[in-house]
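Note sheet for the following structure.
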């Protein structure tokens, strides 16, 4: 399955499309260049996920960390972890294979021995948000081989592939458990309260980005101080609340420039800038081109060529 966008609810939770209760697993071919603005925005999901980098270099942003995965490497993303994906700068054409599944796909049913002994310890480990696999490690090289094999089997959908995929992922899960055992045994370093608060504050920004909002407004949305709000943002996504707000406004502006004929001055107002000159300055700093240059570069060929605004 080839995907070029994800669907998010108001809390940034990804709605995994095409996954059914009867077979809670999907595999996806992800070409980063085809996604809006060339990256997959901040999101999270209950499902577990394995990825394999087929081509290029992809960055996973988790909290204030940037995890770089190169061609031939792979990784595991735990349940309920807020993350963003983007190709490394000047690395077009990046492609990854993703396999996403609910814990029940491996555990069979709730409270089974498989869930209690092998799945729950991983999901409940707050220290384990992600794990990287590199071919230089003999054990991890085996995991990567299984990742690629299970993806190809699932993609072909030959008779009995459901059994084969579950069998391969189960054996791979055991290898993962051996790798991450030291992490599972560590003391928990983050509460789930902080994780939920940062998701709620990001959701607040995405719902009010058109308004004149302050750090105090963002902090008040989850009843914390401005200082705590700032600390949460820096610790979880590596930027301040204001920086995230500006980044999100620019992302929406990019969408509007590429998909509509609205005047640039109108777009500036729509995304929360009262001054179109300031909007142009912030936009250029973020994209290294003016709004007009961006529209000329990315606008659809079918769109009328009239440019109602020269800013």
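In the working numbering, the protein residues as written are 321 to 631. Backbone N, C-alpha and C fix where the C-beta goes; we use that ideal spot for every residue, glycine too.
N-terminal and C-terminal residue of the alpha helix (DSSP H) that residue i is part of
i           : result
residue 483 : 481 to 504
residue 607 : 596 to 607
residue 528 : 512 to 528
residue 452 : Element bounds for residue 452: not the alpha helix (DSSP H) but the beta strand (DSSP E), 450 to 453.
residue 538 : 535 to 540
8 Å contact criterion, which residue i and residue j should meet: CB distance rounded
i           : j           : result
residue 345 : residue 339 : 7 Å
residue 648 : residue 415 : Nothing about residue 648 can be read from this structure; the chain reaches only from 321 to 631.
residue 471 : residue 380 : With 8 Å as the limit, residue 471 and residue 380 do not qualify as a contact, their Cβ atoms being about 18 Å apart.
residue 383 : residue 556 : 5 Å
residue 336 : residue 367 : 6 Å
residue 517 : residue 544 : 7 Å
residue 615 : residue 589 : So it is not a contact: roughly 16 Å between Cβ atoms.
residue 404 : residue 361 : 6 Å
residue 584 : residue 596 : 7 Å
residue 519 : residue 364 : 7 Å
Per-residue DSSP class, three states only, for residue i
i           : result
residue 343 : coil
residue 583 : coil
residue 333 : strand
residue 401 : coil
residue 548 : helix
residue 376 : coil
residue 628 : No answer about residue 628 holds up, because its pLDDT of 44 lies below 50 and its placement is not dependable.
residue 465 : helix
residue 459 : helix
residue 270 : Here the chain has residues from 321 to 631 only, and residue 270 is not among them.
residue 420 : strand
residue 561 : helix
residue 612 : helix
residue 350 : strand
residue 436 : helix
residue 620 : Because residue 620 carries a pLDDT of 46, less than 50, the predicted location of this residue cannot be relied on, and the following value inherits that uncertainty. It is coil, neither helix nor strand.
Cβ shell of residue i (< 8 Å), same chain only, five flanking positions each side left out
i           : result
residue 469 : 488
residue 633 : This structure cannot speak to residue 633, because the chain is shown only from 321 to 631.
residue 494 : 438
residue 525 : 533, 538, 561, 564, 565, 568
residue 626 : Legend: pLDDT at residue 626 = 41, less than 50; position of this residue unreliable, no value from coordinates given.
Neighbourhood of residue i by C-beta, 7 Å cutoff - its chain only, sequence neighbours within 5 removed
i           : result
residue 549 : 521, 535, 538, 539, 561
residue 413 : 353, 375, 376
residue 453 : 393, 394, 395, 460, 463, 464
residue 466 : 488, 491, 492
residue 448 : 398, 442, 500, 503, 504
6 Å Cβ shell around residue i - same chain, five flanking residues per side excluded
i           : result
residue 574 : 357
residue 593 : 599
Endpoints, the beta strand (DSSP E) within which residue i is located
i           : result
residue 361 : 360 to 363
9 Å Cβ cutoff, residue i in contact with chain C
i           : result
residue 379 : Here there is only one protein chain, and chain C is not present.
Would the region 440 to 447 and the region 394 to 413 be scored as touching if the rule is three or more Cβ pairs under 8 Å?
-> yes
Would you be able to state if there are at least three C-beta pairs under 8 Å between the region 356 to 363 and the region 389 to 397?
-> no
Any chance the region 604 to 611 sits against the region 565 to 581, with 3 or more Cβ pairs inside 8 Å?
-> yes
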